[in-house]
Amino acid sequence: MHGFSYKSGSLYCEDVDLSSLADEFGTPLYVYSAGTIVDHYKRLDKALDGVEHEVAYAVKANSNLSVLRLLATQGASFDIVSGGELYRVIKAGGDPAHCTFAGVGKTREEIVYALEQGIYSFNVESEEELRYLNQVAGELGVIAPAAVRVNPNVDAKTHKYISTGKSENKFGVDFEAIADLYERAHRDLRNIKLRGLQMHIGSQLTSITPFVEAVEKVIPLVKQLKESYGIEFWSIGGGIGIIYKDSLKSGSVDWWEAQPEEEKPLTIERYGKELVPRLKGLGLKILLEPGRYIVGNAGVLLTKCLYEKKGSAKTFKIVDAGMNDLIRPALYEGHHEIVPLQEPATADRVKVDVVGPICESGDFFCQDRELPDFQPGETIALMSAGAYGFVMASNYNSRPLPAEVLIEESTVTLIRKRQTMEDLIEGEL
Ligand SMILES: *Cc1c(COP(=O)(O)O)cnc(C)c1O
64 MHGFSYKSGS
74 LYCEDVDLSS
84 LADEFGTPLY
94 VYSAGTIVDH
104 YKRLDKALDG
114 VEHEVAYAVK
124 ANSNLSVLRL
134 LATQGASFDI
144 VSGGELYRVI
154 KAGGDPAHCT
164 FAGVGKTREE
174 IVYALEQGIY
184 SFNVESEEEL
194 RYLNQVAGEL
204 GVIAPAAVRV
214 NPNVDAKTHK
224 YISTGKSENK
234 FGVDFEAIAD
244 LYERAHRDLR
254 NIKLRGLQMH
264 IGSQLTSITP
274 FVEAVEKVIP
284 LVKQLKESYG
294 IEFWSIGGGI
304 GIIYKDSLKS
314 GSVDWWEAQP
324 EEEKPLTIER
334 YGKELVPRLK
344 GLGLKILLEP
354 GRYIVGNAGV
364 LLTKCLYEKK
374 GSAKTFKIVD
384 AGMNDLIRPA
394 LYEGHHEIVP
404 LQEPATADRV
414 KVDVVGPICE
424 SGDFFCQDRE
434 LPDFQPGETI
444 ALMSAGAYGF
454 VMASNYNSRP
464 LPAEVLIEES
474 TVTLIRKRQT
484 MEDLIEGEL
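This note's numbering applies: residue 64 is where the sequence shown begins, and numbers increase by one.
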């Protein structure tokens with residue numbers, strides 16, 4: 064569910080008409096619904112009632128300071144993947160003692176910074192990294208809290224670039240090797256406190272099955288680690304999928320209720336109902352690391368149609384946003400529903416490619432899709448663009464980064480200024 068819908072023929076975010084934002088701030092423009100972000104956070108938190116838990120928002124999905132501040136006020140913890148993300152969380156008022164640090168390639172500078180700030184746990188991805196962490200902590204005369212990421216070798220059945228829980232992925236330590244690694248670490252690594260165990264099997268998972276499979280497989284292991292080394296937490300990762308294809312309709316409760324039971328997409332309530340009984344009684348604090356689920360459907364990218372180009376084989380709608388603003392279609396074959404800001408008067412559709420201005424053939428938002436026949440001068444919304452959208456934007460083709468706006472009921476806040484030409488060359492000689 065989310066805060067975007069047509070009201071009297073115009074697309075709104077909460078109580079704000081999106082075309083007024085396009086007029087005021089220009090396009091391309093990212094717009095986020097604060098109400099949706101908070102609702103998602105609270106629903107997930109509630110779905111885990113019955114087990115001690117923390118929701119550690121995966122900062123990499125959307126790291127705007129105002130988004131982080133909003134979540135910090137709700138009491139969120141944070142899962143970070145770089146020193147830069149830790150810096151952002153601290154700037155936004157987040158508590159380092161509720162931060163976990165993931166990622167396969169932490170540098171010395173990042174480790175030192177995170178130790179100084181007193182993070183909750185380093186989620187370590189290899190024995191080499193654990194040994195290096197021990198060494199750096201020793202040099203600083205401190206104890207580093209750590210969890211190792213176990214790769215449970217289950218198939219998340221998602222796009223190959225966002226599947227992480229199989230043996231052939233670069234992430235984590237093989238399931239079979241974990242117990243020995245904890246034993247060696249416990250024996251040899253004097254500056255490590257083994258605080259937990261972590262896993263994350265992939266992103267955009269739309270079925271409960273892989274989550275359940277991974278949890279059931281790892282339960283005997285966490286029990287053993289708790290008994291032998293007194294670990295206190297188990298992070299079961301993020302990866303909860305969202306609706307992309309029917310994004311607009313999925314904003315309403317009615318749509319969810321109308322879905323036939325067998326085809327019902329994974330809901331957060333179902334996620335909680337399946338997992339809580341399995342996790343309760345372990346005596347461990349359960350951490351979740353959701354990114355996309357919290358912010359994905361809470362954001363859209365507004366872009367204006369510049370030209371219509373009718374080729375012999377295809378019709379192209381050329382818009383002012385490009386793959387530098389939103390790379391998911393090019394990178395992961397990601398699907399974003401495309402919706403005109405003015406509700407189409409008829410059900411007529413035309414088959415088009417919506418493309419950006421970048422000099423790359425991969426610069427498209429859809430190909431051969433049936434869409435309302437929007438015209439040059441009209442603004443459209445690329446739905447479900449709140450996660451892995453702006454954070455992956457670049458200056459490719461020397462295009463200034465777009466602005467970002469946060470809506471809270473009828474309040475509009477510009478949370479990131481559009482870059483200027485001067486910003487583009489900042490720091491260059
Ligand atoms: C990316 C990532 C997440 C968040 O994934 P989502 O699919 O956005 O929920 C959580 N944990 C780790 C370790 C990650 O790398």
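No residue lacks a Cβ here, since even glycine has one placed at the ideal position from N, Cα and C.
Cβ-heavy atom distance, residue i to ligand 1, below 7 Å
i: K286; result: no
i: Q198; result: no
i: D108; result: no
i: I271; result: no
i: K123; result: yes
i: Y356; result: yes
i: I470; result: no
i: G344; result: no
i: H161; result: no
i: G300; result: yes
i: D142; result: yes
i: S126; result: no
i: A450; result: yes
i: H399; result: no
i: H263; result: yes
i: E320; result: no
Check: residue i C-beta below 7 Å from any heavy atom of ligand 2
i: I294; result: Absent from the structure shown: ligand 2. Ligands present: ligand 1.
Whether residue i touches residue j by CB criterion (8 Å)
i: L487; j: P465; result: no
i: E188; j: V217; result: no
i: T269; j: P328; result: yes
i: N232; j: N254; result: no
i: C162; j: Y183; result: yes
i: T90; j: D416; result: no
i: C76; j: F88; result: no
i: W297; j: L347; result: yes
i: L178; j: A219; result: no
i: V152; j: V122; result: yes
i: L244; j: E190; result: yes
i: A124; j: V144; result: no
Residue i (DSSP reduced to helix, strand or coil)
i: N360; result: helix
i: Y307; result: coil
i: F238; result: helix
i: S184; result: strand
i: N197; result: helix
i: H103; result: helix
i: S96; result: strand
i: Y75; result: strand
i: Y69; result: strand
i: Y150; result: helix
i: A165; result: coil
i: F88; result: helix
i: D317; result: helix
i: D251; result: helix
i: R432; result: strand
Inter-residue CB distance, residue i and residue j (contact presumed, cutoff 8 Å)
i: H65; j: I357; result: Wrong, their Cβ atoms sit about 11 Å apart, outside the cutoff.
i: I241; j: L284; result: 6 Å
i: R391; j: Y459; result: Not quite, the Cβ-Cβ distance comes to about 15 Å (not below 8 Å), so this is no contact.
i: V94; j: G362; result: 7 Å
i: T442; j: S82; result: 6 Å
i: T99; j: N360; result: 7 Å
i: S266; j: R412; result: At roughly 31 Å, the Cβ-Cβ gap does not stay under 8 Å, so S266 and R412 are not in contact.
i: L92; j: L365; result: 5 Å
- Taking contact to mean at least 3 C-beta pairs separated by less than 8 Å, is the stretch 259–268 in contact with the stretch 309–316? no
- Message: Across the stretch 237–252 and the stretch 186–206, are there enough close Cβ pairs to call them in contact, namely three or more that are closer than 8 Å?
- Response: Counting Cβ pairs under 8 Å, three or more are found: they touch.
- Would you call the stretch 368–379 and the stretch 136–151 touching, i.e. three or more CB-CB distances under 8 Å? At 8 Å Cβ cutoff, the stretches do not touch.
- Query: For the 8 Å Cβ check, are there 3 or more pairs between the stretch 441–450 and the stretch 397–405?
  - Reply: Using a Cβ-Cβ distance cut-off of 8 Å, the stretch 441–450 and the stretch 397–405 are in contact, since at least three pairs of beta carbons, one from each stretch, lie closer than that value.
- Pairing CB atoms from the stretch 467–485 with CB atoms from the stretch 149–159, are three or more of them under 8 Å? no
- Task: Indicate whether the contact test is met: 3 or more Cβ pairs, each with one atom in the stretch 105–114 and one in the stretch 332–346, closer than 8 Å.
- Result: yes
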